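Remarks on the structure that follows.
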Amino acid sequence: MKKTIYILLGVIMAGWIGFRVHSIYSESKREVFNAARASHVPVQTITAQEEMGVLREPLFIHNNRSFVSGARIGKFGVGQRVGAGRIVSVASRLDLDTGMYMIKTQGAEDGEQFAEARYTGIMVPIYAVNNSAVMALENGIAVRREVKVLGADSENAIIQRGLNDGDVIILSRVEEGTKVESRK
């Protein structure tokens, strides 16, 4: 009886292993499963176009004053729109009581507002910029392009130099020299 059970378990195990090997083989033949077999990697792209763009930086305003860190102070300037108001002064010195820089506004409501800055350049999603470079598509190959970023917020960056109108910018993460296929 034991011998029959062991033989039956061996046959079931061999059948299961054969089934798994066949499943893996058939999946590896399909292009959907095995992207390495594809001649080009599909990537998301946009076409570069110089335009006027608006970058938005958040401010929390109380009594027409806001405090920001030293890392963010360069994103604000006198005359910048803040909701229905505008910025009237930006401190150049650290406020010793708070350890931050004070921004004074006029006509802005209390609460969270956004300071808007207008720039002319090529606007790209911030995630497409990596170490002052973007990946561009040239003749079906991903090419690294050094760029000068004029400004950025949490969603977008304005590129001042390094890209031309009509260049195709790769939004997906790929290595330089990879053969790619544009999917807009």
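Counted the way our numbering counts, the sequence shown spans residues 1 to 184. Positions of the beta carbon are idealized from the N, C-alpha and C atoms, including for glycine. As the structure is a prediction and not an experimental result, all values here were calculated from the model.
Out of the options, which one is the CA nearest neighbour of residue i?
| i | options | result |
| --- | --- | --- |
| Leu59 | Val78, Glu27 and Phe114 | Phe114 |
| Val147 | Asn130, Lys3, Ile170 and Val78 | Asn130 |
| Glu138 | Leu96, Asn164 and Met1 | Asn164 |
| Ile169 | Gly177, Ser182, Asp95 and Val11 | Ser182 |
| Ile122 | Lys3, Ala142 and Ile159 | Ile159 |
| Leu94 | Gly85, Gly83 and Ser69 | Ser69 |
| Arg86 | Thr105, Ser172 and Ser26 | Thr105 |
Is the separation between the beta-carbon of residue i and that of residue j shorter than 9 angstroms?
| i | j | result |
| --- | --- | --- |
| Gly140 | Val174 | no |
| Thr98 | Met52 | no |
| Glu116 | Arg56 | yes |
| Asp110 | Ile61 | yes |
Count the other CB atoms within 10 Å of the CB of residue i; is the residue buried (16 or more) or exposed (fewer)?
| i | result |
| --- | --- |
| Phe76 | buried |
| Ile103 | buried |
| Arg145 | buried |
| Val78 | exposed |
| Val49 | A small correction: the amino acid at residue 49 is Gln; Val does not occupy that position in the sequence shown. Exposed, since its Cβ has fewer than 16 Cβ neighbours within 10 Å. |
| Met1 | exposed |
| Arg81 | buried |
| Gly151 | buried |
| Ala108 | buried |
| Phe33 | Confidence at Phe33 is low in this model, with a pLDDT of 45, below 50, so the placement of that residue is unreliable and no value is reported for it. |
Is the beta carbon of residue i within less than 8 angstroms of some heavy atom of the ligand MN?
| i | result |
| --- | --- |
| Met135 | Although the ligand MN was asked about, the structure shown includes no ligands whatsoever. |
How do the segment 149-156 and the segment 117-132 stand: do at least 3 beta-carbon pairs fall below 8 angstroms, yes or no?
-> yes
Residue ranges of each beta strand (DSSP E) within the segment 84-157, 3 or longer = 85-90, 101-106, 111-125, 133-138, 141-146 and 148-152
Identify every run of the alpha helix (DSSP H) within the segment 9-84, keeping only runs that are complete inside it and at least 4 residues long; order them along the chain.
-> none
Just checking, does the segment 86-101 make contact with the segment 60-76 on the three C-beta pairs under 8 angstroms criterion?
-> The segment 86-101 makes contact with the segment 60-76: 3 or more CB pairs, one atom from each, lie closer than 8 angstroms.
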